[in-house]
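Chains as they are written, first to last, in full-length UniProt numbering: chain A, 1 to 393; chain B, 1 to 393.
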């Protein structure tokens with residue numbers, strides 16, 4: 001039996017505990033930030049927030065940014081300061097930090113079922129202006145009963161399927177039934193329509209994206225018209241995201257847009273075709289350290305699958321230069337393997353270097369971190385907690 | 001301007017806060033667990049822990065389970081109780097909760113660089129038996145200086161590349177330089193070799209996996225022989241994972257194996273070819289709720305990209321029956337879309353149902369959650385915190 005087996009069961013109480021060191025301090029240079037970390041470039045962020053706010057305001061369309069992208073009350077406050085009417089959340093628990101932070105108008109842009117979630121929504125409606133989505137009359141009744149019991153009013157928006165084929169009713173009959181069901185409960189009121197086309201956001205070709213957005217708006221308009229013919233006004237038609245915002249604000253149909261990723265511009269959105277000044281700025285980066293250079297031509301960094309979501313592509317090495325950049329080839333749980341531009345190139349000088357990566361998909365990447373390291377001109381300006389990280393229930 | 005724009009800037013301080021509800025209580029039935037949640041089936045878990053422990057013990061090989069898979073001190077304690085010699089961690093911060101929980105023997109099975117990490121490792125070495133990996137002499141010197149200053153001893157294992165082509169030196173010359181460098185510092189001592197072949201773990205074909213594991217063991221043996229010829233004994237040869245453990249314990253080369261996923265058997269490992277009684281039991285599940293059934297033939301559940309890692313395939317609907325199972329077709333951030341077995345089938349009865357899913361890849365899925373809901377016979381028996389969740393620095 002080897003020595004290591006004999007020394008088994010070394011479990012013993014530790015005297016005191018070792019604390020997890022902070023990832024960064026205000027004033028740190030980039031090279032001092034513990035890695036992997038999530039960096040937010042504040043100049044890019046500020047410009048992105050202002051750009052979307054001014055474009056929508058110019059068309060009289062409200063911006064209700066989606067907090068599922070950033071999960072941070074610091075970012076929500078910045079968006080509200082820029083004129084947002086409130087935020088969207090995708091899950092009921094995700095909304096809790098925003099309620100607690102005093103964001104006074106929250107839209108749950110998704111269906112939910114079950115007593116516990118209904119109770120939570122009602123508790124929120126006692127504190128903030130709350131709207132929720134439904135696509136089944138069986139979601140309406142428990143909400144109505146609980147809202148009446150608690151003496152709160154909840155705005156309820158039927159979700160209509162405008163092309164994504166995921167949630168939402170797909171017929172005027174379906175919408176009518178939901179409006180009637182909402183009308184039945186005094187704690188509920190009809191708040192308008194949720195008309196979001198998720199997959200349209202991600203169409204790379206600009207013309208095709210515009211056409212798909214128009215088709216979605218046309219479908220939404222048809223439901224609005226159907227309800228108007230029944231004497232029912234839609235106070236809000238909400239939907240649209242980063243990819244289609246430029247079309248949605250011109251549609252004359254949407255009163256409100258729900259963009260999320262625009263504050264970051266992740267690698268996927270960066271790969272789409274954009275026109276005019278609608279290309280947002282890359283604001284979200286991973287700081288990573290090269291921790292192994294044992295092979296020529298290859299560097300291994302400390303950011304793998306637990307530090308970046310890869311569902312929309314691997315992260316990309318960030319550099320203002322296009323030529324000669326290392327290529328992030330493969331991710332394992334805790335490693336990223338990057339090929340240098342020239343095979344066989346000496347990799348040794350890279351050991352210990354901090355590199356920046358642009359994540360492929362911001363939302364699930366953000367959900368891996370507890371805080372943003374907010375930087376400006378290469379210095380840490382603030383640490384912003386990601387309070388809704390992991391709040392997926 | 002729509003009403004919603006006029007009501008902008010509703011940020012106001014909340015009176016008191018809404019608390020995030022617990023995902024479950026001990027004694028709850030499955031249907032009471034908030035979703036998405038990470039379930040650990042304790043019967044399967046216990047059997048998996050015992051199976052690996054007994055197989056390795058029968059060959060006199062130590063088990064040092066990899067904590068990167070589970071990130072939980074509760075699971076580490078169960079593994080220690082079954083005879084593990086200690087745990088592996090993949091990052092220095094990941095080890096902190098295990099040090100604090102009194103796991104007395106920890107191996108950082110990965111390279112790391114930088115003053116802050118070296119300082120943390122040295123602090124750990126003052127409390128536990130610590131070993132670390134290196135593949136560059138520039139990683140050795142800072143450790144040696146800091147260890148001497150602190151008066152601690154750290155066991156250092158050169159990592160050799162036995163086929164993966166990621167980290168690790170790939171020549172006897174490289175190993176010799178590292179051993180010499182380690183020998184130079186009185187706070188360090190040569191602890192043996194790290195010889196892990198990550199990609200070998202995932203080869204589906206059993207024969208091919210065995211052959212690749214044998215090639216890795218042969219490479220490790222060659223380094224051991226090289227050192228022995230120089231009068232240097234390798235006290236430990238450590239490596240191997242869930243996929244190759246059955247071969248590694250028979251190799252006569254490995255003194256220690258580092259399996260992680262065996263406690264869970266995720267969807268990917270479940271898809272490999274196994275022989276004899278080496279197929280572990282599925283022990284890790286996602287509990288998810290069907291929250292939309294607006295379309296016939298399709299159900300939409302609340303577990304998407306923020307609740308399950310998809311790098312090794314989408315989650316699979318769990319059922320003991322093979323026929324007639326819904327098929328998880330696509331994941332978006334907060335939604336999973338499943339096709340029912342028959343197109344056009346009435347989906348309405350599924351609304352509100354709790355379903356179980358087997359995640360494709362356990363490690364990054366676990367890293368999305370703060371706790372395991374540990375269940376036995378359909379009841380919650382315990383809640384086990386995932387203390388190292390997010391500790392990737």
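Even glycine gets a Cβ: it sits at the ideal position worked out from N, Cα and C.
Comparing alpha-carbon positions, which option in 43(B), 46(B), 47(B), 24(B) lies nearest residue 36(B)?
-> Start at 1 with the first residue of the second chain, and residue 36(B) comes out as number 36. Nearest of 43(B), 46(B), 47(B), 24(B) to residue 36(B), Cα basis: 24(B).
Query - Interface positions of the segment 164–188 of chain B facing chain A (Cβ-Cβ less than 8 Å), listed along the chain - result: 165, 166, 167, 168, 169, 170, 174
Please identify, using Cβ separations under 7 Å, the residues of the segment 316–339 of chain A that lie next to chain B, in order along the chain.
332, 333, 334, 335, 337
Exposed or buried, residue 194(B), counting other C-beta atoms within 10 Å across all chains shown (16 or more means buried)? Start at 1 with the first residue of the second chain, and residue 194(B) comes out as number 194. Looking at its Cβ environment, which holds 16 or more other Cβ atoms inside 10 Å, residue 194(B) is buried.
Specify the secondary structure class of residue 376(A) as computed by DSSP and reduced to three states. Stepping through the first chain from its first residue, residue 376(A) is reached at position 376. Residue 376(A): strand per DSSP, three-state reduction.
**Request:** Specify, as a first and last residue, the run of the alpha helix (DSSP H) that residue 269(B) falls within.
**Result:** Within the second chain, the letter at position 269 stands for residue 269(B). Unbroken alpha helix (DSSP H) run through residue 269(B): 267–270.
Exercise. Would residue 271(B) be called buried (16 or more neighbouring beta carbons within 10 Å of its own) or exposed?
Worked result: For this step, residue 271(B) is matched to residue 271 along the second chain. It is exposed - the Cβ of residue 271(B) has fewer than 16 other Cβ atoms within 10 Å.
Handout entry: Where residue 137(B) sits in the DSSP three-state scheme
Key = Taking the second chain and counting its residues from 1, one reaches residue 137(B) at position 137. Residue 137(B) falls in the helix class under three-state DSSP.
In angstroms, rounded to a whole number, what distance separates the CA positions of residue 207(A) and residue 198(A)? Locating residue 207(A) in the first chain gives position 207, counting from the first residue. Locating residue 198(A) in the first chain gives position 198, counting from the first residue. C-alpha separation (whole angstroms): 17 Å.
task = Alpha carbon to alpha carbon, how far is residue 102(A) from residue 160(A)? Give it in angstroms, no decimals.
result = For the purposes of this step, residue 160(A) is identified with residue 160 of the first chain, where counting begins at 1. For the purposes of this step, residue 102(A) is identified with residue 102 of the first chain, where counting begins at 1. The straight-line gap from Cα to Cα measures roughly 30 Å.
* Answer yes or no: do residue 119(B) and residue 34(A) have a C-beta to C-beta separation smaller than 8 Å? => Position 119 of the second chain holds residue 119(B). Position 34 of the first chain holds residue 34(A). Not a contact, by the Cβ cut-off of 8 Å.
Check your understanding: DSSP beta-bridge partners for residue 336(B)?
Key -> The residue labelled residue 336(B) in the question sits at position 336 within the second chain. DSSP, once it has assigned bridges, lists 301(B), 331(B) as partnering residue 336(B).
request  = Just mark residue 255(A) as buried or exposed, buried being the case when its beta carbon has 16 or more other beta carbons within 10 Å.
outcome  = On the first chain, residue 255(A) is found 255 positions in, with the first residue counted as 1. The residue in question, residue 255(A), is buried, as its Cβ has 16 or more Cβ neighbours within 10 Å.
Under 7 Å between beta-carbons, which chain A residues line up against residue 364(B)? List them in chain order, please.
-> As a working mapping, residue 364(B) is identified with position 364 in the second chain. Near residue 364(B) (Cβ distances below 7 Å), the residues of chain A are 305, 306, 333.
Could you give the residue range of the beta strand (DSSP E) that holds residue 39(A)?
Residue 39(A) sits at position 39 when you count from the first residue of the first chain. Run containing residue 39(A): 37–41, per the beta strand (DSSP E) assignment.
- prompt: Does any CB atom of chain B fall closer than 8 Å to the CB of residue 112(A)?
  reply: Taking the first chain and counting its residues from 1, one reaches residue 112(A) at position 112. So yes, residue 112(A) belongs to the interface.
* Around the C-beta of residue 28(B), are 16 or more other C-beta atoms found within 10 angstroms, so that it is buried, or is it exposed? -> Residue numbering aside, residue 28(B) sits at position 28 when the second chain is read from its first letter. By the neighbour-count rule (16 or more Cβ atoms within 10 Å), residue 28(B) is buried.
Please identify the residue among 278(A), 336(A), 321(A) whose C-alpha is closest to the C-alpha of residue 289(A). Here residue 289(A) refers to the residue found at position 289 when the first chain is read from its first residue. Of the candidates 278(A), 336(A), 321(A), the one whose C-alpha sits nearest the C-alpha of residue 289(A) is 336(A).
Taking 8 Å as the threshold (beta carbon to beta carbon), is residue 34(B) in contact with chain A?
One-based indexing of the second chain puts residue 34(B) at position 34. Closer than 8 Å to some Cβ of chain A, the Cβ of residue 34(B) qualifies, so yes.
(request) Using the DSSP secondary-structure output, state which residues sit across from residue 189(B) in a beta bridge. (result) Taking the second chain and counting its residues from 1, one reaches residue 189(B) at position 189. The partner list for residue 189(B) (beta bridge, DSSP) reads 155(B).
### Task
With DSSP collapsed to three states, give me the class of residue 169(B).
Position 169 of the second chain, counting from 1, holds the residue named residue 169(B). Strand, per DSSP.
Query - residue 313(A) versus residue 269(B): straight-line alpha-carbon distance, rounded - result: Position 313 of the first chain, counted from the start, is the residue given in the question as residue 313(A). Position 269 of the second chain, counted from the start, is the residue given in the question as residue 269(B). Distance between the alpha carbons of residue 313(A) and residue 269(B) is about 23 Å.
ask   = Since residue 249(B) and residue 59(B) are thought to touch, with beta carbons under 8 Å apart, how far apart are those beta carbons, to the nearest angstrom?
value = Stepping through the second chain from its first residue, residue 249(B) is reached at position 249. Stepping through the second chain from its first residue, residue 59(B) is reached at position 59. That pair is a contact at about 4 Å.
- Would you say residue 295(B) reaches chain A, if we count a Cβ-Cβ gap shorter than 8 Å as a contact? What you label residue 295(B) is simply residue 295 of the second chain in a count that begins at 1. Yes, residue 295(B) lies at the interface with chain A (some Cβ there is under 8 Å from its Cβ).
How far does the alpha helix (DSSP H) with residue 366(B) in it reach, from first residue to last? Taking the first residue of the second chain as position 1, residue 366(B) is located at position 366. Element bounds for residue 366(B): 362–366.
With 16 other Cβ atoms within 10 Å as the buried cut-off, status of residue 319(A)
One-based indexing of the first chain puts residue 319(A) at position 319. Burial call: exposed.
Item checked: Helix, strand or coil at residue 9(B) [DSSP, three-state] -> Locating residue 9(B) in the second chain gives position 9, where the first residue counts as 1. Confidence at residue 9(B) is low in this model, with a pLDDT of 32, below 50, so its placement is unreliable and the value that follows should be read with caution. Reduced to three states, the DSSP call for residue 9(B) is coil.
### Query
What is the residue span of the beta strand (DSSP E) that residue 107(A) lies within?
Taking the first chain and counting its residues from 1, one reaches residue 107(A) at position 107. It spans 105–108 - the beta strand (DSSP E) in which residue 107(A) sits, taken as one unbroken run.
Next item on the list: Return yes when the Cβ of residue 260(B) is within less than 8 Å of the Cβ of residue 65(B), no when it is not.
Entry: Here residue 65(B) corresponds to residue number 65 of the second chain, with the count starting at 1. Here residue 260(B) corresponds to residue number 260 of the second chain, with the count starting at 1. Yes, the Cβ-Cβ distance between residue 65(B) and residue 260(B) is below 8 Å.
- Query: Which residues, taken in chain order from the segment 114–147 of chain B, show a beta carbon closer than 9 Å to some beta carbon of chain A?
  - Reply: 114, 116, 117, 119, 120, 123, 124, 127, 128, 129, 135, 136, 138, 139
### Message
Quick check on the burial criterion: 16 or more other C-beta atoms within 10 angstroms. Buried or exposed for residue 327(A)?
### Response
In the first chain, the residue the question calls residue 327(A) occupies position 327. Result: exposed.
Original post:
Who are the neighbours of residue 291(A) on chain B, taking C-beta pairs under 7 Å?
Top reply: For the purposes of this step, residue 291(A) is identified with residue 291 of the first chain, where counting begins at 1. Correct list: 111, 112, 113.
Practice item. Go through its chain and collect everything with a Cβ distance to residue 95(B)'s Cβ below 7 Å, but skip five positions before and after it. Key: Mapped onto the second chain, residue 95(B) falls at position 95. So the list reads 89, 106, 108, 124, once near-sequence residues are dropped.
Where the beta strand (DSSP E) through residue 355(B) begins and ends:
To locate residue 355(B), count along the second chain from 1; it is residue 355. Per DSSP, residue 355(B) belongs to the beta strand (DSSP E) from 354–358.
Inset, instruction - Counting only the same chain and skipping the five closest in sequence on each side, list residues whose C-beta sits under 7 Å from that of residue 235(A). - result: Numbered from 1 along the first chain, position 235 holds the residue referred to as residue 235(A). Here the set comprises 191, 192.
Inter-residue CB distance, residue 56(B) and residue 63(B) (contact presumed, cutoff 8 Å): Counted from its first residue, the second chain places residue 56(B) at position 56. Counted from its first residue, the second chain places residue 63(B) at position 63. The Cβ separation is near 5 Å, so the contact holds.
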